[in-house]
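Each remark here refers to the structure printed beneath this line.
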Amino acid sequence: MNTKPTTSPFQEAGKGLKRLASSLAISERSIWLLRSNAKGRQPDAGERYVVAVLQSLAVFRLVSFALGSTLVFFLNPSDLDSLALGSVVLGVGMFNVYRILWRFDPSNPRLFIEWGSLCADVALSITMILVSGGLDSPFLIYSLSPVLTASLLLTMRGAVAIALVLALSVSGAHIAAGLDVNDLPWLLSRNYLVLSLLYSAVCLLVVSLPFLANLNWQHRVRSESLASERQRLRRDVHDNVAQTLAFLSLKMKLASQRSSEGRSPITEQDVADISSIVERTYLTVRDYLDGNEEENQEPLHQQLSAIASQWNRDTGLSAKLDMDRDEEDLNPTVKFQLLQVTREALANVAKHAYPDNVWVSLKCSNGNVNIRVKDDGRGFASTELRGHGMGIMSERAAMAGANLSIESSPGNGTTVTIEYTRNAERVSS
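Structural data, given as structure tokens:
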């Protein structure tokens, strides 16, 4: 007889968190990037959602607790003396500091800690209500904090459970007091049936409204994620497939020129070059699909030299190198974007400049990086500064937090300068 394995509440919550993280486009990789050295990276929509929720919860918790603490000593609706009541308020206040400082991460949830904190939050909220007047308590609004936390960051099932526990505990205490089961005399001063029902309804409403509101937010997150993915695909296709096609087009022009001169259009070296660049493009595209494009840990000057050397072999031109070798460790994302801008600048030289000389330099000082690609080709007017290549270079420079400048004029060559200041640290994914 086959038995269906049981699933614990924590496993169910974990699955819910994974679904939430997926729907909000929060990947483990993006969270890792957020925690890496790229401190200034622009967060994606999912990360902005979590940050906004945490900030809103902190404000709600602080304001409602401060309001309740102020009113409870003026109204004093309970039978406790001020010292005992003050001790309870102080203890809950210290717990609030912990909850505000606690940073919830949907991509890497520590379930036992998070659920334990929520259970403690619920227990303290119930205690605060019961010791400060029941449904007359100034802390009724504050008691919605754990419900809001669960509804905004956890599963619907968990949020409903927390809301029911709160509502039943508070209403049950009044019923128990009315039956003389508990000695809670300050709860007997009036009929609380309507207030109990109203409080229960508010708890359940607080659970449902954030989920309904999140439908629009999730649609926006998905739209932004799709747009971001299209932008990334456009850059990656241009950096690889488009450049490969441009190289093959250059080879075809050379073959046509040789044929018109009565020579063999395709040489063994041409075949080897074409085979090499097609293989490199295949490997690069595979790395993009696997998400490994930024994992090269070699120093910037070594990767830059390798790009220039490969460009020399592919084009038959010769780029003169001037490299500093003392650059500080750069964030892999920054390094990747700087190299891609340089690669595109060299590709433009091969396609458009027809130069006699090309220079590639790397200068580093005090954490600043300056990369320059210069040629003595035909140049162009500033009004001709357009096209996908130029736009993608600007995008990648902005993603690295670098400044891109292009200087050119007809007959005077072109200079492309990429300046990165470490203090900026505005890396985007």
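The opening position of the sequence shown corresponds to residue 197 in this note's numbering, with each subsequent residue numbered one higher. Glycine is no exception: its CB is placed at the ideal position from the N, C-alpha and C atoms.
Boundaries of the beta strand (DSSP E) harbouring S601: A598 to S604, taken from the DSSP string. The DSSP-derived three-state label of A515 is strand.
Selection L362, E494, W507 and Q498 evaluated against D469 yields W507 as nearest (Cα-Cα). For the 8 Å CB-CB criterion, V537 and R592 form a contact.
DSSP places S347 in the uninterrupted alpha helix (DSSP H) bounded by S341 to L349. In this structure, V268 places its C-beta atom within 8 Å of the C-beta atom of L281. The C-beta of F443 has 16 or more other C-beta atoms within 10 Å across all chains shown, which makes the residue buried. Minimum Cα-Cα distance from A316 among the listed residues R574, P495 and G289 corresponds to G289.
For the pair V343 and V403, the CB atoms are nearer than the 8 Å cut-off.
Take L558, set aside five residues on each side of it, and the residues of its chain with a beta-carbon closer than 6 Å to its own are H497, L500, M519, D520 and I567, in chain order. If you compare the alpha carbons of N562, G609 and T611 with that of T617, the shortest gap goes to N562. In the DSSP assignment, the residues bridged to C560 are V565.
In the DSSP assignment, V612 forms a beta bridge with V569 and I602.
Secondary structure at T266: helix, using DSSP grouped into helix, strand and coil. Closest in alpha carbon position to S471, among S455, L279, K447 and Q493, is K447. The alpha-carbon separation between L340 and I358 amounts to approximately 10 Å.
Annotation: V545 is outside any alpha helix (DSSP H) and is labelled neither H nor E by DSSP. As a beta-bridge residue in DSSP terms, W555 pairs with K516 and K570.
Rounded to whole angstroms, L349 and A369 show a C-alpha spacing of 29 Å.
Contact annotation: G354 and A346 have beta-carbon atoms nearer than 8 Å.
S601 places its beta carbon 8 Å or farther from that of A577.
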